[in-house]
Amino acid sequence: MSATPVDPRAAPPPGAAVPAPPPGAARPGAEAPAAALAAEPPPPLPLQLELPDGGALFGHWHRPADPQRPARGALLLVPPLGHEDLALYAGLAAFARAATRQQLAVLRIDLPGAGDASDLPDGADATAWRAACDAAIDTALAALHAAAGGAPLGLLGVRAGACLAAQAALRHPLALLVGLLPVADGRQWLRECRLLDGRAHGAAAVVADPAEGLDLGGLAFPPGAADALLALGWPAEAPPGLGRLLVAERAGLPTPGLERALARWPAGRVERRALAGLDRWLAVAHHAVADPAALDGLAAAAAQALAAAGAGEAPVAACPPGAVTGGLGLTGPRGAVVHERPWHLGAGGRLAGVLATPADGRLPRAAWLTLSSGAERRCGANRLWTRLARERAAAGDWVLRLDLAGLGDSAPRRPGARGDPYDPQAVADIAEAVAALRAALAEALAPEADAAAAAAGAAASPDASGAAPVGLGPGPGPGTTVPPVGLVGLCSGAYQVWRAAVAGLPVERVALVNPLAFHWTPGRPIDAPPLAGLQVDAVQQAVAAGALRALRDPARWRKLLRGEANLAVILRALAGAARQRLRRPWRALRRAVGRPAPQDLRAELAGVLRRGPRPAFVFSPGDPGRAILAAEGGGLLVRALADGRAVQLEVPGADHGFSRLAARQALLARLGRWMDGPEAAR
Numbered sequence: 001m002s003a004t005p006v007d008p009r010a011a012p013p014p015g016a017a018v019p020a021p022p023p024g025a026a027r028p029g030a031e032a033p034a035a036a037l038a039a040e041p042p043p044p045l046p047l048q049l050e051l052p053d054g055g056a057l058f059g060h061w062h063r064p065a066d067p068q069r070p071a072r073g074a075l076l077l078v079p080p081l082g083h084e085d086l087a088l089y090a091g092l093a094a095f096a097r098a099a100t101r102q103q104l105a106v107l108r109i110d111l112p113g114a115g116d117a118s119d120l121p122d123g124a125d126a127t128a129w130r131a132a133c134d135a136a137i138d139t140a141l142a143a144l145h146a147a148a149g150g151a152p153l154g155l156l157g158v159r160a161g162a163c164l165a166a167q168a169a170l171r172h173p174l175a176l177l178v179g180l181l182p183v184a185d186g187r188q189w190l191r192e193c194r195l196l197d198g199r200a201h202g203a204a205a206v207v208a209d210p211a212e213g214l215d216l217g218g219l220a221f222p223p224g225a226a227d228a229l230l231a232l233g234w235p236a237e238a239p240p241g242l243g244r245l246l247v248a249e250r251a252g253l254p255t256p257g258l259e260r261a262l263a264r265w266p267a268g269r270v271e272r273r274a275l276a277g278l279d280r281w282l283a284v285a286h287h288a289v290a291d292p293a294a295l296d297g298l299a300a301a302a303a304q305a306l307a308a309a310g311a312g313e314a315p316v317a318a319c320p321p322g323a324v325t326g327g328l329g330l331t332g333p334r335g336a337v338v339h340e341r342p343w344h345l346g347a348g349g350r351l352a353g354v355l356a357t358p359a360d361g362r363l364p365r366a367a368w369l370t371l372s373s374g375a376e377r378r379c380g381a382n383r384l385w386t387r388l389a390r391e392r393a394a395a396g397d398w399v400l401r402l403d404l405a406g407l408g409d410s411a412p413r414r415p416g417a418r419g420d421p422y423d424p425q426a427v428a429d430i431a432e433a434v435a436a437l438r439a440a441l442a443e444a445l446a447p448e449a450d451a452a453a454a455a456a457g458a459a460a461s462p463d464a465s466g467a468a469p470v471g472l473g474p475g476p477g478p479g480t481t482v483p484p485v486g487l488v489g490l491c492s493g494a495y496q497v498w499r500a501a502v503a504g505l506p507v508e509r510v511a512l513v514n515p516l517a518f519h520w521t522p523g524r525p526i527d528a529p530p531l532a533g534l535q536v537d538a539v540q541q542a543v544a545a546g547a548l549r550a551l552r553d554p555a556r557w558r559k560l561l562r563g564e565a566n567l568a569v570i571l572r573a574l575a576g577a578a579r580q581r582l583r584r585p586w587r588a589l590r591r592a593v594g595r596p597a598p599q600d601l602r603a604e605l606a607g608v609l610r611r612g613p614r615p616a617f618v619f620s621p622g623d624p625g626r627a628i629l630a631a632e633g634g635g636l637l638v639r640a641l642a643d644g645r646a647v648q649l650e651v652p653g654a655d656h657g658f659s660r661l662a663a664r665q666a667l668l669a670r671l672g673r674w675m676d677g678p679e680a681a682r
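So for the sequence shown, UniProt numbering puts the first residue at 1; every next one is plus one.
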């Protein structure tokens, strides 16, 4: 596989000459000039760091706004755990940009078993996870120290990550430790996860089951292994090599138990600062909002504290020494080795992703593009797509985990704009990614195609015209085809997969996992009640169907008579379903004359089936998308499922976001069989 540029926007490669500071530049450690504070920082460089155990960290290197001047300081960000890692990701990237405008260098990382970092070994317990986290922080700090040009170092830990950062301060001399929205210990963190709204569309934030163990947003520990996590906390005394501690808390909400945890720390080295504008940050990813002014204020405070401890002597490195930008081999599922690398595409590298491929360089059987739900980044809810990508790469496929515009690490369509999971322009992003995948596949196949062409030319006689045979795809030659490309998405990602299929993108397979909508009206809130943002008529049909089934259940009648059922919702649903039935003949007539009504799912399904992308619809029990599809797909769907033009699968025991490990394993097994061949999945 030939190398693809990681990011055309990125900094020069390691070892490139860095210009000296211009005459008149501010002395090291001085207040950053206004021009540097206002400058737009260089784009972050995606990279990987190899760990002592052979695993890999995935991260982003943010250079200061003026990369030709020494940094005022350098920060390593230790992320939060579980679902909070997804929710706070965009805000932490925004903080990193704010810090670079203060002439700080920032390294962001994913912890082991999270995001795009390497997996923990199968069966690893919380003690092994803790040791892996410590090794990861140590490795990242060493890289930061080597890249910082002598600038003072700091650690910023978020939520439970603040406890990990505080423990790291015992092992490393640091000028500054920042606890952002910290918790006092692991027990408090788990308690808050349950008390706060830690559910997104029915997906639990924390699953604690005596039989299954502890599951934190895709990081699963076996039964009885939670003790090391519960014991996570702050050092009883201030680390001797630490300069200052800055605690940033929500205004009016001091951290419970932190006063007791820091009781023996010198008061003169601890500052607790209340930040307004962070109340909405601890929400599900598509609602998580951090006030830019709060992030700017925190970045300024961190820069001031670091600059007071010393000064950088040279500009920071364009890339931390030892970091890799072209990909690393990782141990994937069941010990298989796969290769992963950052992959940016589009104009200026605006779309970010991670490409997983077989490590042995074999030619791919197929290529897949995965899309996450809501505003979650490319690893997916409960890290579904990271796991799927590595399983498929071990089986011989390519998988690109993609962030759509404005989500994850992809640039927004307009400066400062928030990403929209139901963005009507997302199909253009998907088309760009599919084209890039096809081009990379063709390039990978070119050497084999050239060899086949040479062999064919030696064995066959040319025709009368002397013309060469025509290849079947761009790049590969005679008899060589580009492997099929497919799309897989969850929830809003499934919606975008469907819109791409309806638009006729050149893909052979599409899988929609728990779509909540097949059509969308821009501007609607994603999940505000009642049913806003969904196909209201179709959802009402689903509610009505459930109500009609309940009429045969005496227990439901007793519930209704006791006033425990929402009669108004049921009546509205029955009325809406009746209206929808009255519209069906009119829609059928419009289809018959070739002018289907807008948002006609049956007409769209007919078009998709006619053009050839073979759809798979995958549902958790009771997920509303199944009723929507059945109500609007009608007899056409029944016939397509019967003759194999479409597949419908169910994952027993799963919620919408596949919170439980067993449900994730079942989903990946079903998707894997379908990817190997639709017939195997039926």
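Yeah, the Cβ is synthetic: ideal placement off N, Cα and C, and Gly gets one too. This one's a predicted model, so the numbers in the text were calculated from it and none came from an experiment.
With 16 other Cβ atoms within 10 Å as the buried cut-off, status of residue i
| i | result |
| --- | --- |
| Pro424 | exposed |
| Leu259 | Going by the sequence as given, residue 259 is Glu instead of Leu. Result: exposed. |
| residue 737 | Nothing can be reported for residue 737: it is not among the residues displayed for the chain, which extend from 1 to 682. |
| Arg101 | buried |
| Gly335 | exposed |
| Asp643 | exposed |
| Ala467 | Residue confidence is low: Ala467 scores 29 on pLDDT, short of 50, so the model does not pin down where it sits. No coordinate-derived value is stated. |
| Leu472 | With a pLDDT of 27 at Leu472, under the threshold of 50, the predicted position of this residue should be treated as unreliable, though the coordinate-derived value follows. Its Cβ having fewer than 16 others within 10 Å, Leu472 is exposed. |
| Asp122 | exposed |
| Glu632 | buried |
| Pro23 | Note on Pro23: pLDDT 30, under 50, position unreliable in the model; the coordinate value appears next. Flag for Pro23 reads exposed. |
| Val638 | exposed |
| Pro44 | buried |
| Arg194 | exposed |
| Gly653 | exposed |
| Arg72 | buried |
Coarse secondary structure for residue i, derived from DSSP in three states
| i | result |
| --- | --- |
| His172 | coil |
| Glu40 | coil |
| Gly59 | strand |
| Val608 | helix |
| Glu443 | helix |
| Arg191 | helix |
| Thr100 | helix |
| Gln304 | helix |
| Leu111 | coil |
| Val434 | helix |
| Leu516 | coil |
| Gly198 | Residue confidence for Gly198 is low, a pLDDT of 44 falling below 50, so the modelled location carries little weight; the figure read from the coordinates is stated next. Of the three classes helix, strand and coil, the one that applies to Gly198 here is coil, per DSSP. |
| Gln496 | helix |
| Asp409 | coil |
| Gln665 | helix |
| Leu181 | coil |
| Asp134 | helix |
| Asp227 | helix |
| Pro342 | strand |
Candidates the options, of which the one nearest residue i by Cα
| i | options | result |
| --- | --- | --- |
| Trp129 | Ala99, Asp85, Pro222, Thr100 | Pro222 |
| Val270 | Ala494, Asp138, Leu671, Ala166 | Ala166 |
| Glu313 | Trp498, Ala300, Ala151, Trp343 | Ala151 |
Own chain partners of residue i with C-beta closer than 6 Å, once the 5 adjacent residues on each side are dropped
| i | result |
| --- | --- |
| Gly186 | Leu229, Leu230, Leu232 |
| Ala274 | Glu249, Ala251 |
| Leu601 | Phe518, Glu632 |
| Gly332 | Val338, Arg390, Ala394 |
| His62 | Pro44, Ala96, Thr100, Val106 |
| Ala494 | Leu512, Val513, Pro515 |
| Val324 | Gln48 |
| Ala411 | Arg350 |
Spatial neighbours of residue i in its chain, beta-carbon cut-off 7 Å, leaving aside the 5 residues before and after
| i | result |
| --- | --- |
| Leu88 | Pro80, Val158, Trp281, Ala288 |
| Gly672 | Glu391 |
| Ala160 | Pro80, Leu81, Val183, Gly186, Trp189, Leu232 |
Same chain, Cβ closer than 8 Å to residue i, five either side skipped, listed in chain order
| i | result |
| --- | --- |
| Leu437 | Ala367, Leu369, Trp398, Leu400, Val485 |
| Pro364 | Thr357, Pro358, Gly396, Asp397, Trp398, Leu441, Ala444, Pro483 |
For the 8 Å Cβ check, are there 3 or more pairs between the stretch 300 to 315 and the stretch 109 to 116?
no
Exercise for the section: For the stretch 134 to 149 and the stretch 399 to 414, state whether three or more C-beta atom pairs, one from each stretch, are separated by less than 8 Å. Expected result: no
Counting pairs of beta carbons, one from the stretch 79 to 95 and one from the stretch 390 to 401, are three or more of them closer than 8 Å?
no
Touching or not, the stretch 176 to 184 and the stretch 245 to 261, by the rule of three or more beta carbon pairs under 8 Å? yes
Count Cβ pairs between the stretch 115 to 135 and the stretch 63 to 71 that sit closer than 8 Å; are there 3 or more? no
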